[in-house]
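Undergrad:
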Amino acid sequence: MSTASSTPATTLLPFTGISQYASDFDAALSKAVQVAQIPVTLLQAQDSTVLQQETAMGSLYTDVAAFATSLSALGTLAAGQALSATSSDPTLVTATSTGATSGASYTIDSITSIASTASATSTHSFAASGPVSSTGEMNLVVGSSNNSITLTDNNLVGLENQINALGVGVTASILTTSSGNFLSLSANSTGAAAIQLFDDPTGANTNILTQTQPGSNASFSLNGIPDIQASNVVNDVIPGVTFTLLGTTPVTAPLTISLASDPTQLSSALQNFVTSYNTVQADVTAQTGQSGGALVGNTVVNQLQNALSQIGEYTLSTGTVQSLSDLGITFNGNVLSFNQTTFNALSSQQISDAFNFIGSATTGLGGLSSSISQLSDPITGVIATETAGLKQTDKDLQTQISAKTAQIAALQTSLTLQFEAADALQAELQNQQESVQAALQGVSLALYGKNETQF
Amino acid sequence: MTLEQSGLAALHAAGSGNLVELRDALLARSEAIARINAAEPSPEVHARLATALEIGQAIRDQIRSLKVRVAADGARLSQFRNYLR
Chain A
554 MSTASSTPAT TLLPFTGISQ YASDFDAALS KAVQVAQIPV TLLQAQDSTV
604 LQQETAMGSL YTDVAAFATS LSALGTLAAG QALSATSSDP TLVTATSTGA
654 TSGASYTIDS ITSIASTASA TSTHSFAASG PVSSTGEMNL VVGSSNNSIT
704 LTDNNLVGLE NQINALGVGV TASILTTSSG NFLSLSANST GAAAIQLFDD
754 PTGANTNILT QTQPGSNASF SLNGIPDIQA SNVVNDVIPG VTFTLLGTTP
804 VTAPLTISLA SDPTQLSSAL QNFVTSYNTV QADVTAQTGQ SGGALVGNTV
854 VNQLQNALSQ IGEYTLSTGT VQSLSDLGIT FNGNVLSFNQ TTFNALSSQQ
904 ISDAFNFIGS ATTGLGGLSS SISQLSDPIT GVIATETAGL KQTDKDLQTQ
954 ISAKTAQIAA LQTSLTLQFE AADALQAELQ NQQESVQAAL QGVSLALYGK
1004 NETQF
Chain H
2 MTLEQSGLAA LHAAGSGNLV ELRDALLARS EAIARINAAE PSPEVHARLA
52 TALEIGQAIR DQIRSLKVRV AADGARLSQF RNYLR
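Residue numbers (the numbering used here), protein chains in the order written: chain A, 554 to 1008; chain H, 2 to 86.
(1) According to DSSP, simplified to helix, strand and coil, what is P42 (chain H)?
(2) Contact between the stretch 55-74 of chain H and the stretch 5-14 of chain H is defined here as three or more beta-carbon pairs at a separation below 8 Å; is this criterion met?
(3) List the residues that DSSP assigns as beta-bridge partners of E690 (chain A).
(4) Counting along the chain, where does the alpha helix (DSSP H) carrying S929 (chain A) start and finish?
(5) Can you pull the chain A neighbours of H13 (chain H), defined as C-beta to C-beta under 9 Å?
(6) Determine the burial state of E713 (chain A): buried for a count of at least 16 other Cβ atoms within 10 Å of its Cβ, exposed for fewer.
(7) On the criterion of 16 or more Cβ atoms from any shown chain inside 10 Å, does Q606 (chain A) qualify as buried, or is it exposed?
(8) Any idea which residues DSSP pairs N885 (chain A) with across the strands?
(9) According to the neighbour-count rule (16 or more other Cβ atoms, all chains shown, within 10 Å of its Cβ), is S576 (chain A) buried or exposed?
(10) Report the neighbours of A999 (chain A) on chain H: residues whose CB is nearer than 8 Å to its CB, in chain order.
(11) If you draw a straight line from the C-alpha of I936 (chain A) to the C-alpha of T873 (chain A), how long is it?
(12) Examine chain A for any beta-carbon lying closer than 8 Å to the beta-carbon of R36 (chain H), and answer yes or no.
(13) Taking the alpha-carbon of L970 (chain A) as reference, which of H:T52, H:L20, H:T3 and H:L4 has the nearest alpha-carbon?
(14) Report all residues from its chain with a CB closer than 8 Å to the CB of T569 (chain A); omit the five preceding and five following residues, and keep chain order.
(15) Once you ignore the five residues that flank L799 (chain A) on each side, which residues in its own chain have a CB closer than 6 Å to its CB?
(16) Report the three-state DSSP secondary structure of A813 (chain A) (helix, strand or coil).
(17) Starting from the Cα of L719 (chain A), find the closest Cα among A:I727, A:V710 and A:S701 and give me that residue.
(18) Just to confirm the assignment: which complete alpha helix (DSSP H) runs, minimum length 4, are found wholly within the stretch 775-843 of chain A?
(19) Can the beta-carbon of T670 (chain A) be found less than 8 Å from the beta-carbon of G768 (chain A)?
(20) Identify each residue in the stretch 50-84 of chain H for which the Cβ-Cβ distance to at least one residue of chain A is less than 8 Å, and report them in chain order.
(21) Give me the chain H residues within the contact set of V996 (chain A), using Cβ-Cβ distance strictly less than 7 Å, ordered along the chain.
(22) Using a cut-off of 9 Å between C-beta atoms, extract the partners of T924 (chain A) located in chain H.
(23) Using CA coordinates, which residue listed in A:Q951, A:L998, A:L968 and A:Q985 is at the minimum distance from P592 (chain A)?
(24) Taking 8 Å as the threshold (beta carbon to beta carbon), is S988 (chain A) in contact with chain H?
(25) A740 (chain A) and S672 (chain A) look like a contact to me (Cβ under 8 Å); what is the Cβ gap, rounded to whole Å?
(26) Report the rounded CA-to-CA distance for N984 (chain A) versus A977 (chain A), giving the unit in angstroms.
(27) Pick helix, strand or coil for P754 (chain A), following the three-state DSSP scheme.
(28) Could you pull the DSSP bridge partners for D662 (chain A) from this structure?
(29) Does the pairing of the stretch 651-662 of chain A with the stretch 780-794 of chain A give three or more beta-carbon distances under 8 Å?
(30) Answer yes if the stretch 921-930 of chain A comes into contact with the stretch 613-629 of chain A, meaning at least three C-beta pairs across the two stretches below 8 Å, and no otherwise.
(31) Which chain A residues sit within Cβ distance under 8 Å of L9 (chain H)?
(32) To the nearest angstrom, how far is it from the Cα of L627 (chain A) to the Cα of T805 (chain A)?
(33) In this structure, does DSSP put A557 (chain A) in helix, strand or coil?
(34) Could you work out which residue in A:S811, A:S732, A:S814 and A:N885 is closest to Q834 (chain A) when comparing CA atoms only?
(35) Could you tell me which chain H residues have their CB closer than 8 Å to the CB of E981 (chain A), listed as they occur along the chain?
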């Protein structure tokens, strides 16, 4: 006799991905959930610290690099004795020092001409698309340079394009006038260099240009020595000085270019040095002590502290300037201040001794810039190395966090599957219970003639 | 397995949270129910079915408890994942 049938067991869900919890699901899974959270929060806390250090290191790098530059520039200025070039008549000649190393004076007279650019225009107009050459062969002469042209397109635009493509120091353009289209050529730089354009160079050889401006060289005398230059900007005659000719002068009106130490340049460089020193000092202070930032205890901060002390305490045993205080730079706590009044009162001898005290970019006070550069060098510097290490640590931590997060996601997926499986088993059990109850009712009825079961 | 054996095995598996064992035990129990349904009615069959019904209730309680724990763990993980974002 059969009173009821149960749901076939083959409808149960397969337990994909949960076998790892099969032995002791409850204990293992609950523990896994708890444990999974701990390392991720720890890793995130570590990474947060690393990122703070990286940010602080980046800020420090900028300030330290600026300080190294200011100290090196101060040394370079001192090595060149802060020389400045001045002209007795800036309306006719201007001058700048570009690295002069000693004071001097130069006389310029007889500026009989200043340099100008040459230009030329075609002797006649051309039809917009008509031929410009009788043979298609032309020769462009710029000064003593001959440049053959075989026209690809024998018209004005074709000629313009080919001349400009030559790159021989002249620019071609087309003038569109009421009289027609003319070719115009202009030299790209000053100097006496005639511009000619010959048609049919192996035959008629006709120059189709007429000179608009001949172009000229600059002509002058320096300390009585005649000189001719193609440009008005002269930078290869007086070492470390560039002067520019602006107008002509008679021989009886000499001009003077003077190279002399300019204390204002030194003053400005010292002020920059003080400002950048104080910026770095403030950075160091912010990363020191119990209330310090993310770099407290970092070797870079310690090295910076030592370098700043070395610079602030630098002394020389000779001359009238032996310490920073002799230049008007004094300490207020660990902050430097520059007294302009004290500096302005320095004598010529003291200014000269100041250059000796500062030295150069590689010696004296300026030479100490190397100890700062060792920290701030973008490739080999300690800060760059530390930053690279922090970046790598951040990367590693991020990788670990990603892996842990993925593990948690997998765990959650597993939980979902577990829940679904438990759900399915519960439904199966319910079916079985209904089946058993039906069977029990059937048996009760058969044996006792009544249904005595309650479920 | 008999109806009693498979029922007790399912109860043990549900109590320990072992869903694989629970699935196997319920499969065996399903087969045992089918077998007893084919048997002639008797006081013994009546008693076995009544016992099976009680064991089934106990299994159901264990599965419910298990689902509550799984749901709680899932919620905890969801909360943690949101915190990580």
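Ideal Cβ positions, reconstructed from N, Cα and C, are used throughout, including at glycine.
TA: From the atom records:
(1) For the purposes of this step, residue 42 (chain H) is identified with residue 41 of the second sequence, where counting begins at 1. Coil at P42 (chain H), not helix or strand.
(2) Touching, yes, given that three or more Cβ pairs across the two stretches are closer than 8 Å.
(3) Along the first sequence, read from residue 1 onward, the residue named residue 690 (chain A) stands at position 137. Per DSSP, the beta bridge partners of E690 (chain A) are A:T703.
(4) Looking up residue 929 (chain A) in the first sequence gives position 376. In the DSSP assignment, S929 (chain A) falls within the alpha helix (DSSP H) that extends over S922 to S929.
(5) What you label residue 13 (chain H) is simply residue 12 of the second sequence in a count that begins at 1. Residues of chain A passing the Cβ test: none, with the nearest at roughly 12 Å.
(6) On the first sequence, residue 713 (chain A) is found 160 positions in, with the first residue counted as 1. With 16 or more other Cβ atoms inside 10 Å of its own Cβ, E713 (chain A) counts as buried.
(7) Along the first sequence, one-based indexing puts residue 606 (chain A) at 53. With a threshold of 16 other beta carbon atoms within 10 Å, Q606 (chain A) meets it and is buried.
(8) Position 332 of the first sequence holds residue 885 (chain A). Answer is A:V888.
(9) As a working mapping, residue 576 (chain A) is identified with position 23 in the first sequence. Confidence at S576 (chain A) is low in this model, with a pLDDT of 38, below 50, so the placement of that residue is unreliable and no value is reported for it.
(10) As a working note, residue 999 (chain A) is residue 446 in the first sequence. Listed along chain H are P42, each with a C-beta nearer than 8 Å to that of A999 (chain A).
(11) Within the first sequence, residue 936 (chain A) is the residue found at index 383, counting from 1. Within the first sequence, residue 873 (chain A) is the residue found at index 320, counting from 1. Straight-line Cα distance between these residues: approximately 37 Å.
(12) Taking the second sequence and counting its residues from 1, the one referred to as residue 36 (chain H) is at position 35. At least 8 Å separates the CB of R36 (chain H) from every CB of chain A.
(13) Looking up residue 970 (chain A) in the first sequence gives position 417. Comparing alpha carbon positions, the residue from H:T52, H:L20, H:T3 and H:L4 closest to L970 (chain A) is H:L20.
(14) The count along the first sequence starts at 1 and reaches residue 569 (chain A) at position 16. Confidence at T569 (chain A) is low in this model, with a pLDDT of 40, below 50, so its placement is unreliable and the value that follows should be read with caution. Hits under 8 Å: L970.
(15) For the purposes of this step, residue 799 (chain A) is identified with residue 246 of the first sequence, where counting begins at 1. Residues L645 of the same chain have their beta carbon placed closer than 6 Å to that of L799 (chain A), with the five preceding and five following residues left out of the count.
(16) Locating residue 813 (chain A) in the first sequence gives position 260, counting from the first residue. DSSP, reduced to helix, strand and coil, places A813 (chain A) within a strand of the structure shown.
(17) Taking the first sequence and counting its residues from 1, one reaches residue 719 (chain A) at position 166. It is A:S701 whose Cα lies nearest to the Cα of L719 (chain A).
(18) Correct list: 816-839.
(19) Along the first sequence, one-based indexing puts residue 670 (chain A) at 117. Along the first sequence, one-based indexing puts residue 768 (chain A) at 215. With contacts defined as CB atoms closer than 8 Å, T670 (chain A) and G768 (chain A) qualify as a contacting pair.
(20) Result list: L50, A51, A53, L54, G57, Q58, I60, R61, I64, R65, L67, K68, R70, V71, A72, D74, G75, R77, L78, S79, F81 and R82.
(21) In the first sequence, residue 996 (chain A) corresponds to position 443, counting from 1. Result: P42, V46, H47 and L50.
(22) Counting from 1 along the first sequence, the entry for residue 924 (chain A) is found at position 371. Looking at the sequence shown, residue 924 (chain A) is not Thr but Ser. By Cβ distance, chain H contributes nothing, its closest Cβ being about 44 Å from S924 (chain A), past 9 Å.
(23) As a position in the first sequence, residue 592 (chain A) is number 39, starting the count at 1. Comparing Cα-Cα distances from P592 (chain A) to each of A:Q951, A:L998, A:L968 and A:Q985, the minimum goes to A:Q951.
(24) Here residue 988 (chain A) refers to the residue found at position 435 when the first sequence is read from its first residue. Answer yes: the Cβ-Cβ gap between S988 (chain A) and chain H drops below 8 Å somewhere.
(25) Residue mapping note: residue 740 (chain A) aligns to position 187 of the first sequence, counting from 1. Residue mapping note: residue 672 (chain A) aligns to position 119 of the first sequence, counting from 1. Contact flag correct, Cβ pair sits at about 7 Å.
(26) As a first step, residue 984 (chain A) is located in the first sequence; it is residue number 431 there, counting from the start. As a first step, residue 977 (chain A) is located in the first sequence; it is residue number 424 there, counting from the start. For the pair N984 (chain A) and A977 (chain A), the Cα-to-Cα distance works out to about 11 Å.
(27) Mapped onto the first sequence, residue 754 (chain A) falls at position 201. It is coil, neither helix nor strand.
(28) Reading the first sequence from its first residue, position 109 is the one you call residue 662 (chain A). Looking at the DSSP output, D662 (chain A) shares a beta bridge with A:S774.
(29) When Cβ pairs closer than 8 Å are counted between the two stretches, the stretch 651-662 of chain A is seen to touch the stretch 780-794 of chain A, the count reaching three or more.
(30) With the cut-off at 8 Å, the stretch 613-629 of chain A and the stretch 921-930 of chain A touch.
(31) Residue 9 (chain H) sits at position 8 when you count from the first residue of the second sequence. The premise fails here: L9 (chain H) is roughly 14 Å from chain A at the closest Cβ pair, so nothing lies under 8 Å.
(32) For the purposes of this step, residue 627 (chain A) is identified with residue 74 of the first sequence, where counting begins at 1. For the purposes of this step, residue 805 (chain A) is identified with residue 252 of the first sequence, where counting begins at 1. So the alpha carbons of these two residues sit roughly 41 Å apart.
(33) Counting from 1 along the first sequence, the entry for residue 557 (chain A) is found at position 4. Because A557 (chain A) carries a pLDDT of 37, less than 50, the predicted location of this residue cannot be relied on, and the following value inherits that uncertainty. Residue state, collapsed to three classes: coil.
(34) Numbered from its first residue, the first sequence carries residue 834 (chain A) at position 281. Of the residues A:S811, A:S732, A:S814 and A:N885, the one whose Cα lies closest to the Cα of Q834 (chain A) is A:N885.
(35) Counting from 1 along the first sequence, the entry for residue 981 (chain A) is found at position 428. Against E981 (chain A), the close residues of chain H are L27 and S31, in the order they occur along the chain (beta-carbon pairs closer than 8 Å).
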